[in-house]
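> Here it is: the structure, laid out below.
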Amino acid sequence: MKHTRQWISIISVVLLVIMMTACDQAARSVEPESNEAYINPTASPLLTSSVVTWNGHYYMATFDDNPTWFQARDAAANMTYNGWAGHLATFTTKDEQEAVIGLLGGGWYINALWLGGYQDVNDPNYTEPYGGWKWITGEQWLGVAQNSPPLPRADAGFNNTYFNYSSEEHLITWWNSGGINDYYHSPASNLGDANGGPARGFIVEYEAPPVIQVLIDIHPGSTTNPVNPYSMGDTPVAILSTSVADGDAFDFDATTVDPSTVEFGPSGATIAHTGGHIEDVDSDGDMDLMLHFSTQATGIACGHTAAILRGQTYGSDDIEGVDVLVTVGCP
878 MKHTRQWISI ISVVLLVIMM TACDQAARSV EPESNEAYIN PTASPLLTSS VVTWNGHYYM
938 ATFDDNPTWF QARDAAANMT YNGWAGHLAT FTTKDEQEAV IGLLGGGWYI NALWLGGYQD
998 VNDPNYTEPY GGWKWITGEQ WLGVAQNSPP LPRADAGFNN TYFNYSSEEH LITWWNSGGI
1058 NDYYHSPASN LGDANGGPAR GFIVEYEAPP VIQVLIDIHP GSTTNPVNPY SMGDTPVAIL
1118 STSVADGDAF DFDATTVDPS TVEFGPSGAT IAHTGGHIED VDSDGDMDLM LHFSTQATGI
1178 ACGHTAAILR GQTYGSDDIE GVDVLVTVGC P
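Shown next, in the form of structure tokens:
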């Protein structure tokens, strides 16, 4: 019995050591112990963060096993969100940089992720290390502050920058500071490499397409557009086709609008009659889309002076139009 207890004690100690070693290794795989670039050993195949939004744009951190900048660029371009194409993230202001990095987790979590900036050595303004930088989207490059001062110069787009070597011509997030760095497009896989080690992935950005502004006409043929909020009938609204050739400000074909997506008024009333009617409402030779909405369902109330219509084209482009009105029949 005595020997049995001794063996049980020895086995318990061995198991405890194994468990402590496993926990220590697991902890080391979560957060680096230094400011070196860190690669997640579980990052291949691709792992992604949740999508975060800021200022109408959407962002996601994507983790991979040391992709080149060009591989990251192509991978981001093949990703979609809500049907919107992605691209490597472009931080065009310091506010965007700080907000997005913070929303994605900040610090080591977003360290060494490719961004959509590159240095054009053929640009007339090319100098090392700060000249000739561009965004892949063509957006304005605001400049960087030299060698990570506490605050960037007034025209700088970024905080905590680490630009240096002439061969490092692509942009990556850096260290635990939420900063950015110029980096060689094909990083070394060695974590202890003097130039910083491997890339951990990239940040992809999705941009919702702009809303198309259209012309609408409440109660076509009327100059005042009267709406009685107490009416049990319908309110007619026309979406008008426009043509620059006819003197309009923009081209738009109202027949491309999907009537089933259209909502009108504060309550977002849907159409009262299936399909709408294609006709030349304003007698300008272009076909327009006439729709009808239950007045009660629109949410228009006494005192309202305008109403908004929203919808989509058959190609899933968002549209929006507004027209003035006068409420009648009110106490």
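In terms of the working numbering, the sequence shown opens at residue 878 and continues consecutively. Built from N, CA and C at the ideal position, the CB exists for glycine as well.
(1) Is it the case that the Cβ atoms of asparagine 1102 and threonine 1050 are separated by a distance below 8 Å?
(2) Please classify glutamate 1197 as buried or exposed, where buried requires at least 16 other C-beta atoms within 10 Å of its C-beta.
(3) Quick check on the burial criterion: 16 or more other C-beta atoms within 10 angstroms. Buried or exposed for aspartate 1059?
(4) In or out: alanine 1126 buried (at least 16 other Cβ within 10 Å) or exposed?
(5) Going residue by residue through the segment 1056 to 1131, where are the continuous alpha helix (DSSP H) segments of at least 4 residues, counting only ones entirely within it?
(6) Can we say the segment 1112 to 1119 touches the segment 1091 to 1101, given the rule of at least three CB pairs closer than 8 Å?
(7) Using the beta-carbon count (16 or more within 10 Å), is valine 1205 buried or exposed?
(8) Alpha carbon to alpha carbon, how far is methionine 1109 from serine 1193? Give it in angstroms, no decimals.
(9) Does DSSP put leucine 1168 in a helix, a strand or coil?
(10) By the three-class DSSP mapping on this structure, what secondary structure does glutamate 1005 have?
(11) Suppose you measure from the CA of valine 928 to the CA of aspartate 997; what does that come to, to the nearest Å?
(12) Using the three-state DSSP reduction, which class does leucine 1265 fall into: helix, strand or coil?
(13) Straight-line CA distance for aspartate 941 to phenylalanine 1079?
(14) Give the list of continuous beta strand (DSSP E) stretches no shorter than 3 residues that lie fully inside the segment 945 to 981.
(15) Compute the Euclidean distance between the alpha carbons of alanine 822 and valine 1081, then round it to the nearest angstrom.
(16) Taking Cβ positions, are glycine 984 and leucine 1048 nearer each other than 8 Å?
(17) Where glutamate 908 and tyrosine 986 are concerned, what is the direct C-alpha to C-alpha distance, given to the nearest angstrom?
(18) So what's tyrosine 986 in DSSP terms, helix, strand or just coil?
(19) Nearest-angstrom Cα distance between tryptophan 946 and serine 1066?
(20) Leaving aside the five residues before and after alanine 899 along the sequence, list all residues of the same chain whose C-beta is less than 7 Å from its C-beta, in chain order.
With the given structure in hand:
(1) no
(2) Looking at its Cβ environment, which holds fewer than 16 other Cβ atoms inside 10 Å, glutamate 1197 is exposed.
(3) buried
(4) exposed
(5) none
(6) yes
(7) exposed
(8) Between serine 1193 and methionine 1109, the C-alpha separation is close to 32 Å.
(9) strand
(10) In the structure shown, glutamate 1005 sits in coil (DSSP, three-state: anything other than H, G, I, E or B).
(11) 30 Å
(12) Residue 1265 lies beyond the residue range present for the chain, which begins at 878 and ends at 1208; the question has no answer from this structure.
(13) 8 Å
(14) 961 to 965
(15) Any question about residue 822 goes unanswered here, given that the chain covers just 878 to 1208.
(16) no
(17) Note that glutamate 908 scores 28 on pLDDT, short of 50, meaning its location in the model is unreliable and no value can be drawn from it.
(18) helix
(19) 14 Å
(20) Residue placement at alanine 899 is poorly supported in this model, since its pLDDT is 39, which falls under 50; the coordinates still yield a value, given next. For alanine 899, where only same-chain residues beyond five positions count, there are no Cβ hits under 7 Å.
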